[in-house]
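**Student:** Structure provided below as structure tokens; questions to follow.
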Ligand SMILES: [Cu+2]
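Numbering (my numbering), first residue to last: 2 to 151.
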């Protein structure tokens with residue numbers, strides 16, 4: 002084969018790769034197999050509304066324990082705590098005030114290979130009846146307690 006073919010082959014390959022690029026751009030990298038999306042529902046007390054004009058609005062909620070929470074190392078459970086929750090685009094906090102009893106759903110994006118969460122946000126939040134009884138006791142009975150002692 003003469004070397005004349007090489008440039009044209011290169012052009013062909015380059016064209017093929019370029020043609021694929023727009024398709025690649027559509028693929029959300031976060032939707033890869035490496036990213037797990039864990040959804041949790043938790044109750045708590047809204048302790049802080051977003052700062053006015055916050056670029057990335059977040060609320061603070063003192064939430065009940067989340068026994069099924071999946072953390073790094075396969076560790077199960079998140080204890081009760083006062084915690085910031087970034088708001089997703091569709092999370093509607095209108096009508097909510099600090100002190101309200103709320104139930105919220107949030108999604109954690111978890112990088113499986115790195116064994117680490119890479120972000121989380123509230124997808125929905127709503128007020129519960131103000132007399133809803135919440136349980137803020139720590140969970141010493143959590144199956145994880147014995148693992149922690151290792
Ligand atoms: Cu928490």
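For glycine and all other residues, C-beta sits at the position ideal for the given N, C-alpha and C. Keep in mind the model is a prediction, meaning the values are calculated, not measured.
(1) Using a 10 Å radius around the Cβ and a threshold of 16 neighbouring Cβ atoms, would you call residue 101 buried or exposed?
(2) Please report the Cβ distance between residue 38 and residue 110, rounded to the nearest whole angstrom; I am assuming they are in contact, meaning their Cβ atoms lie under 8 Å.
(3) To the nearest angstrom, how far is it from the Cα of residue 62 to the Cα of residue 128?
(4) Going by DSSP, what residues sit across from residue 83 in a beta bridge?
(5) Span of the beta strand (DSSP E) holding residue 117?
(6) What's the gap between the Cα of residue 51 and the Cα of residue 86?
**Tutor:** Straight from the coordinates:
(1) buried
(2) 6 Å
(3) 12 Å
(4) 63
(5) 117-128
(6) 10 Å
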